[in-house]
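Participant: Numbering (this note's numbering), first residue to last: 7 to 305.
Cβ coordinates follow ideal geometry from the N, Cα and C atoms, glycine included.
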Amino acid sequence: MRIGYIGLGIMGKSMARNILKKGFNMVVYNRSQAAVQELVGEGAAAAGSPAEVASQVDVVFTNLPDSPDVEKVVLGENGIIHGAHPGLIFVDNSTIKPATARKIAGRLAEVGVQSLDAPVSGGDIGARNGTLTIMVGGPADALEKVMPVFLAVGKSVTHVGDSGAGQIAKAANQIMVAAQMVAMGELLVFAQKAGADPRKVVDAIKGGAAQCWTLDVKPPRLFSGNRQPGFKAAMQLKDMKIIQDTAAEYGIVLPSATLDTQLYEAMQQNGMGLMDNSAVIEMIEKLSNTRLIDYPEQA
7 MRIGYIGLGI MGKSMARNIL KKGFNMVVYN RSQAAVQELV GEGAAAAGSP AEVASQVDVV
67 FTNLPDSPDV EKVVLGENGI IHGAHPGLIF VDNSTIKPAT ARKIAGRLAE VGVQSLDAPV
127 SGGDIGARNG TLTIMVGGPA DALEKVMPVF LAVGKSVTHV GDSGAGQIAK AANQIMVAAQ
187 MVAMGELLVF AQKAGADPRK VVDAIKGGAA QCWTLDVKPP RLFSGNRQPG FKAAMQLKDM
247 KIIQDTAAEY GIVLPSATLD TQLYEAMQQN GMGLMDNSAV IEMIEKLSNT RLIDYPEQA
């Protein structure tokens, strides 16, 4: 298969690189040319538009910030739809609204293109290491064809259901991610201000029912004062708004996710959108009039 990849940001560039390393012929496109030239230097070919990418490949991937970006790149001027040809499969690794994924799939089906919404989880580390979790919505036969490419970037691929189902799964994932980030911030501030070493508290609880990826990975970064992304708080907020919009569409009440959304909104309003999503602890610190201390490894 000849593969196209559009959107070479923090996640997309690493994913495209891993596909390239597996020996697939690749055509890439990105608004910023630095990432394009980097991958061209590693064996990819460059294209001048999304339509040009689509016209040359069997499978075209996108990895873009939000729903309007994907819709524009797929359906807009010089978009993927204008390079459509028989047998083309479109795969979107972005996190967007399920309704948008379904709209795009419907439009592409009219010109004979199958679509898979395939958002990923695992962050920049998972993207670099090729260990992402991939949630897929769309036709099973298209997934079967694309599976060798997915296995170049991920360790877990789950077919959730029809078009839009992958995005529903990713939204559900982000409900849990936000809840974990906020809960971690709360427990660290709680432990410190109540008089315990939060490092030791984390060590005490992460082997029990509280164990999760967030507690395994994030506390050392926070203790060292590193609150840089990772996964940007602004992107977490974007995902939370997708969750809120979808919940409103279906009449779903999400009390905890609504509060988490407000905390990430406060981060954005306080100029913290480019920090890591775990830096939501700063909002809890502000409310509690404290700052997490860098406790030594051995007290």
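Does the Cβ-Cβ distance between Gln173 and Lys78 come in under 8 angstroms?
Facilitator: Walking along the sequence shown from the start, residue 173 turns up at place 167. Walking along the sequence shown from the start, residue 78 turns up at place 72. No. Outside cutoff.
Participant: Between Ala146 and the rest of its own chain, which residues show a CB-CB distance below 7 angstroms, the 5 nearest in sequence each way excluded?
Facilitator: Numbered from its first residue, the sequence shown carries residue 146 at position 140. Answer for Ala146: His165, listed in chain order.
Participant: Going residue by residue through the stretch 75-115, where are the continuous beta strand (DSSP E) segments of at least 3 residues, counting only ones entirely within it?
Facilitator: DSSP runs (the beta strand (DSSP E)) wholly in the stretch 75-115: 95-98.
Participant: How close, in whole Å, do the beta carbons of Ser169 and Ala239 come, if the pair is a contact with beta carbons under 8 angstroms?
Facilitator: The residue labelled residue 169 in the question sits at position 163 within the sequence shown. The residue labelled residue 239 in the question sits at position 233 within the sequence shown. Wrong, their Cβ atoms sit about 29 angstroms apart, outside the cutoff.
Participant: Assess contact between the stretch 86-106 and the stretch 65-74, defined as three or more Cβ pairs (one per stretch) separated by less than 8 angstroms. Is contact present?
Facilitator: yes
Participant: Can at least three beta-carbon pairs, one atom from the stretch 246-266 and one from the stretch 177-189, be found at a separation below 8 angstroms?
Facilitator: yes
Participant: Pull up the distance between the alpha-carbon of Pro235 and that of Gly128, whole angstroms please.
Facilitator: On the sequence shown, residue 235 is found 229 positions in, with the first residue counted as 1. On the sequence shown, residue 128 is found 122 positions in, with the first residue counted as 1. Straight-line measurement puts the Cα of Gly128 at about 13 angstroms from the Cα of Pro235.
Participant: Just the C-alpha distance for Glu271 and Leu243, rounded to the nearest angstrom, thanks.
Facilitator: Taking the sequence shown and counting its residues from 1, one reaches residue 271 at position 265. Taking the sequence shown and counting its residues from 1, one reaches residue 243 at position 237. Their Cα atoms are separated by approximately 6 angstroms.
Participant: Please work out which residues of its chain come closer than 6 angstroms, Cβ to Cβ, to Val207, disregarding the five sequence neighbours upstream and downstream, and give them in chain order.
Facilitator: For the purposes of this step, residue 207 is taken as residue 201 along the sequence shown, with counting starting at 1. Cβ within range, chain order: Ala197.
Participant: Assuming the contact rule is C-beta atoms closer than 8 angstroms, Lys224 and Ser284 should be a hit. Round their C-beta distance to whole Å, please.
Facilitator: As a position in the sequence shown, residue 224 is number 218, starting the count at 1. As a position in the sequence shown, residue 284 is number 278, starting the count at 1. With 8 angstroms as the limit, Lys224 and Ser284 qualify as a contact, their Cβ atoms being about 5 angstroms apart.
Participant: Which residue wins for smallest C-alpha separation from Gly82, given the options Ala189, Ile110, Gly160, Met190?
Facilitator: One-based indexing of the sequence shown puts residue 82 at position 76. Comparing Cα-Cα distances from Gly82 to each of Ala189, Ile110, Gly160, Met190, the minimum goes to Ile110.
Participant: Between which two residues does the beta strand (DSSP E) carrying Thr267 extend?
Facilitator: Mapped onto the sequence shown, residue 267 falls at position 261. Counting along the chain, Thr267 sits inside no beta strand (DSSP E); it lies in the alpha helix (DSSP H) bounded by residues 261-275.
Participant: Does the stretch 31-45 come close enough to the stretch 85-93 that 3 or more CB-CB pairs lie under 8 angstroms?
Facilitator: no
Participant: Can you tell me where the alpha helix (DSSP H) with Thr296 in it begins and where it stops?
Facilitator: The residue you call residue 296 lines up with position 290 of the sequence shown. Neither: Thr296 is in no alpha helix (DSSP H) and is coded neither H nor E.
Participant: Inspect the beta-carbon positions of Met17 and Asp130 and report whether they are closer than 8 angstroms.
Facilitator: For the purposes of this step, residue 17 is taken as residue 11 along the sequence shown, with counting starting at 1. For the purposes of this step, residue 130 is taken as residue 124 along the sequence shown, with counting starting at 1. Cβ atoms of Met17 and Asp130: closer than 8 angstroms.
Participant: Let me check understanding here. Comparing Cα to Cα, which of Leu14, Cys218, Glu192, Leu149 lies closest to Gly167?
Facilitator: For the purposes of this step, residue 167 is taken as residue 161 along the sequence shown, with counting starting at 1. The shortest C-alpha separation from Gly167 is found at Leu149.
Participant: Using the beta-carbon count (16 or more within 10 Å), is Gln268 buried or exposed?
Facilitator: Stepping through the sequence shown from its first residue, residue 268 is reached at position 262. With fewer than 16 Cβ atoms within 10 Å of its Cβ, Gln268 is classed as exposed.
Participant: One question on the structure: do Arg205 and Phe229 come within less than 8 angstroms of each other, judged by their Cβ atoms?
Facilitator: On the sequence shown, position 199 is the one that residue 205 refers to. On the sequence shown, position 223 is the one that residue 229 refers to. Against a cut-off of 8 angstroms, the Cβ pair of Phe229 and Arg205 comes out as a contact.
Participant: Could you give the distance in angstroms between the alpha-carbon of Phe96 and the alpha-carbon of Ala189?
Facilitator: Here residue 96 refers to the residue found at position 90 of the sequence shown. Here residue 189 refers to the residue found at position 183 of the sequence shown. Distance between the alpha carbons of Phe96 and Ala189 is about 37 angstroms.
Participant: Just mark Arg233 as buried or exposed, buried being the case when its beta carbon has 16 or more other beta carbons within 10 Å.
Facilitator: Residue numbering aside, residue 233 sits at position 227 when the sequence shown is read from its first letter. Counting C-beta atoms within 10 angstroms of its own C-beta, Arg233 has 16 or more neighbours from the protein chains shown and is therefore classed as buried.
Participant: In angstroms with no decimal places, state the Cα-to-Cα distance between Lys212 and Gln275.
Facilitator: Along the sequence shown, read from residue 1 onward, the residue named residue 212 stands at position 206. Along the sequence shown, read from residue 1 onward, the residue named residue 275 stands at position 269. Approximately 32 angstroms between the Cα atoms of the pair.
Participant: With a threshold of 7 angstroms on Cβ separation, who are the neighbours of Glu192 within its own chain once the five nearest residues in sequence on each side are excluded?
Facilitator: Counted from its first residue, the sequence shown places residue 192 at position 186. Correct list, in chain order: Ile290.
Participant: Could you compute how far the alpha carbon of Gln304 sits from the alpha carbon of Leu221?
Facilitator: By 1-based counting over the sequence shown, the position of residue 304 is 298. By 1-based counting over the sequence shown, the position of residue 221 is 215. Its pLDDT being 41, under 50, Gln304 is placed unreliably in this model, and the value from its coordinates should be taken loosely. Approximately 19 angstroms between the Cα atoms of the pair.
Participant: For Gly93, which option in Val117, Gly112, Val76 has the closest C-alpha, if you only look at C-alpha atoms?
Facilitator: Position 87 of the sequence shown holds residue 93. Scanning Val117, Gly112, Val76 for the CA closest to the CA of Gly93 turns up Val117.
Participant: Do Leu26 and Gly47 have their CB atoms nearer than 8 angstroms?
Facilitator: As a first step, residue 26 must be located in the sequence shown, where it is residue number 20. As a first step, residue 47 must be located in the sequence shown, where it is residue number 41. Against a cut-off of 8 angstroms, the Cβ pair of Gly47 and Leu26 comes out as no contact.
Participant: Going by DSSP, what residue range makes up the beta strand (DSSP E) through Lys161?
Facilitator: Walking along the sequence shown from the start, residue 161 turns up at place 155. That run of the beta strand (DSSP E) goes 160-167.
Participant: Taking only the alpha-carbon atoms, compute the straight-line gap between Lys19 and Leu138 and give it to the nearest angstrom.
Facilitator: Numbered from 1 along the sequence shown, position 13 holds the residue referred to as residue 19. Numbered from 1 along the sequence shown, position 132 holds the residue referred to as residue 138. Computed Cα separation, rounded: 14 angstroms.
Participant: Checking 8 angstroms against the spacing of the C-beta atoms, do Ile312 and Ala177 come in under that value?
Facilitator: For the chain, the structure presents residues 7 to 305; residue 312 sits outside this window and is missing.
Participant: What is the rounded straight-line gap between the Cα of Val65 and the Cα of Glu44?
Facilitator: Here residue 65 refers to the residue found at position 59 of the sequence shown. Here residue 44 refers to the residue found at position 38 of the sequence shown. The alpha-carbon atoms of Val65 and Glu44 are separated by roughly 21 angstroms.
Participant: When DSSP labels each residue in this structure, what does Leu138 get in the three-state scheme?
Facilitator: Here residue 138 refers to the residue found at position 132 when the sequence shown is read from its first residue. The answer is strand: DSSP assigns Leu138 an E or B state.
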